[in-house]
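Here the structure is laid out as structure tokens; the discussion comes afterwards.
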Amino acid sequence: MFKKAIILLQDYLSHLGFKAQIHFELEGCYKILPNSKKIDLNSINHRLALLGIDGEVVNEYWKNQWEYVSLFNGQSPLKEADNLVRAIHHLPRIFAQHGITETLIKPVVWSGDQGKLALGSRDIFTTDTRAVHIPNAIQVNVSVINKQGVNIISKDGFGEYLQQCFLQTSKACSLLYLPEEEAFERLKLKSAYGLSAELCSPCDISGGHQGSIALYKKLGKHNQQMGQETLLFDQHSKTLVTEQNWQKTARIEHRLGASSTSYNPHANVLFSLMNVVDAIEVYIQESCVSDLSSSLQTIELPESLYNRYQKGIEGAKDSLGAIELFIRCPWFSERINKVQQFMHLINSDCSESAHLGDLIKQQILQKYQAGKIALPTNFSLIL
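Counting in our numbering, the sequence shown runs from 1 upward without gaps.
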């Protein structure tokens with residue numbers, strides 16, 4: 001059903017004259033035997049290429065941390081989702097052939113490294129060897145191309161409007177990218193363990209170009225110039241002339257997702273496409289700029305999968321969990337249903353079966369039904 005819905009939205013966007021480009025980044029860690037030789041990433045990436053996966057593995061910031069990054073091979077959103085599904089499946093096996101005893105695709109690797117950054121530095125560590133709990137993310141990058149091959153993120157307020165769409169839908173749909181309880185522990189690492197200097201993982205929903213849902217145009221996360229391309233090198237391969245083409249690299253980065261084997265790439269590609277469709281429908285009416293509301297305030301994410309009731313604690317507020325928020329979100333199913341109905345009207349071959357959005361929403365919630373997952377004693381799940 002997920003693949004059917006993704007194809008449906010891809011076809012709808014094509015009908016409107018656009019296509020979405022979606023790319024994943026996945027962080028993880030591994031355990032390796034002492035004194036093992038350096039991991040041969042070239043060999044690992046060769047294996048991924050032989051498997052037809054449009055991505056490669058690079059080293060990440062922390063010790064024994066790696067990152068799978070999508071390659072820009074022109075793949076469709078559906079192929080990109082397939083790539084990540086297969087990467088999550090195959091990487092542990094490929095790593096094992098290189099002496100890695102365990103591959104960790106999980107929200108937090110507890111005591112995965114050690115150290116404390118010097119005050120005001122991002123690179124220099126003190127002699128303090130406290131444990132660092134490594135947060136691992138799954139990031140989704142989104143851009144949109146028109147019939148002329150132009151990225152419209154930088155055009156007529158479209159990028160700002162698409163960012164607002166993601167900001168407005170991400171809390172209710174947090175179950176999609178925070179699919180297990182440990183994902184919420186990842187959000188608390190900086191405050192609960194005093195790791196604000198060492199970690200840059202998000203803890204809430206925020207916008208701008210440095211937030212958890214970032215709009216990258218001229219500036220990146222660290223205020224660096226975006227889209228710089230080298231035009232001329234000297235005889236020592238040093239850059240002589242550069243050109244800034246930020247319009248080409250402009251994108252939305254949704255950085256809230258947690259690495260997890262429970263993460264569903266197809267569901268998250270579908271979520272991204274739904275937001276793109278919302279924004280495109282406004283864009284073609286030439287009203288993205290006029291429809292932009294004032295910037296949303298920072299939005300708190302749910303604290304858990306489950307509802308939390310603060311019984312007997314004065315001043316404490318009950319909070320809805322990610323499951324309940326998703327149950328109460330009509331947008332997810334209605335957005336898919338609306339596209340399905342439209343495509344049926346213009347295409348007699350389009351299935352007229354039960355509303356696809358309702359079926360997909362039920363499928364996502366099914367694994368969280370009471371009796372399938374043990375609930376903590378201080379949580380409640382209403383289905």
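Note that CB positions come from ideal geometry on N, CA and C, so glycine has one too.
Original post:
Apart from the five residues on each side of it in sequence, which residues of its chain come closer than 8 angstroms, Cβ to Cβ, to I213?
Top reply: Closer than 8 angstroms at the Cβ level, and outside the excluded window around I213, lie Q163, F166, L167, S170, I205, S206, G207, I252, E253, H254, R255, L256.
**OP:** Put D204 into one of helix, strand or coil per three-state DSSP.
**Re:** Note: D204 maps to coil in three-state DSSP.
**OP:** Identify the continuous alpha helix (DSSP H) that holds Q10 and give its terminal residues.
**Re:** Element bounds for Q10: 2 to 16.
**OP:** On the DSSP bridge assignment, give the partners of R93 in chain order.
**Re:** R93 pairs with nothing; no bridge assigned.
Original post:
So, are the CB atoms of V109 and C29 less than 9 angstroms apart?
Top reply: Going by C-beta atoms, V109 is nearer than 9 angstroms to C29.
**OP:** Give me the Cα-Cα distance between T249 and I105, rounded to the nearest whole angstrom.
**Re:** Annotation: T249 to I105 spans about 28 angstroms, alpha carbon to alpha carbon.
**OP:** Run the CB neighbour count on L84, radius 10 Å, all protein chains shown included, and call it buried at 16 or more, exposed below.
**Re:** Buried, since its Cβ has 16 or more Cβ neighbours within 10 Å.
**OP:** Determine the direct distance from the alpha carbon of D278 to that of P107, and round the result to whole angstroms.
**Re:** Their Cα atoms are separated by approximately 30 angstroms.
Subject >> Residues sharing a beta bridge with L26, DSSP >> reply: Looking at the DSSP assignment, L26 forms a beta bridge with Y68, I138.
Subject >> Nearest-angstrom Cα separation, counted from T103 out to P92 >> reply: Between the C-alpha atoms of P92 and T103 there is a straight-line separation of about 5 angstroms.
Subject >> Separation of G149 from Y68, as counted between CA atoms >> reply: Whole-angstrom Cα-Cα distance: 27 angstroms.
Original post:
Are the region 32 to 47 and the region 55 to 64 in contact at 8 angstroms, needing three or more beta carbon pairs?
Top reply: Yes, the region 32 to 47 is in contact with the region 55 to 64.
Original post:
Where do the N-terminal and C-terminal ends of the alpha helix (DSSP H) with Y161 fall, by residue?
Top reply: Per DSSP, Y161 belongs to the alpha helix (DSSP H) from 158 to 169.
Subject >> Identity of the residues DSSP links to A20 by a beta bridge >> reply: A20 pairs with V144.
**OP:** Return the chain-ordered ranges of every alpha helix (DSSP H) run that is complete within the region 246 to 325 and spans a minimum of 4 residues.
**Re:** Runs of the alpha helix (DSSP H) inside the region 246 to 325: 246 to 249, 265 to 283, 288 to 291.
Subject >> Nearest-angstrom Cβ-Cβ length linking L175 and I323, presumed shorter than 8 angstroms >> reply: About 6 angstroms separates the CB atoms of L175 and I323; that is less than 8 angstroms, so the two are in contact.
Subject >> Minimum C-alpha distance to S260 - residue among R186, L273, Q340, S290 >> reply: For the residues R186, L273, Q340, S290, the minimum Cα distance to S260 belongs to R186.
Original post:
So, is A118 buried or exposed, given that buried needs 16 or more other C-beta atoms within 10 angstroms?
Top reply: Residue confidence is low: A118 scores 41 on pLDDT, short of 50, so the model does not pin down where it sits. Its coordinate-derived value is still stated next. Answer is exposed; the Cβ neighbour count stays below 16.
**OP:** Quick one: give me the first and last residue of the beta strand (DSSP E) that A214 is part of.
**Re:** Unbroken beta strand (DSSP E) run through A214: 213 to 216.
**OP:** Can you have a look at L33 and say buried or exposed, based on whether 16 or more other CB atoms are within 10 angstroms of its CB?
**Re:** Under this definition L33 is an exposed residue.
Original post:
Who are V108's beta bridge partners in DSSP?
Top reply: According to DSSP, which records beta bridges pairwise, V108 is partnered with P135.
Original post:
Within this structure, are the beta carbons of L178 and P265 separated by less than 9 angstroms?
Top reply: No, the Cβ-Cβ distance between L178 and P265 is not below 9 angstroms.
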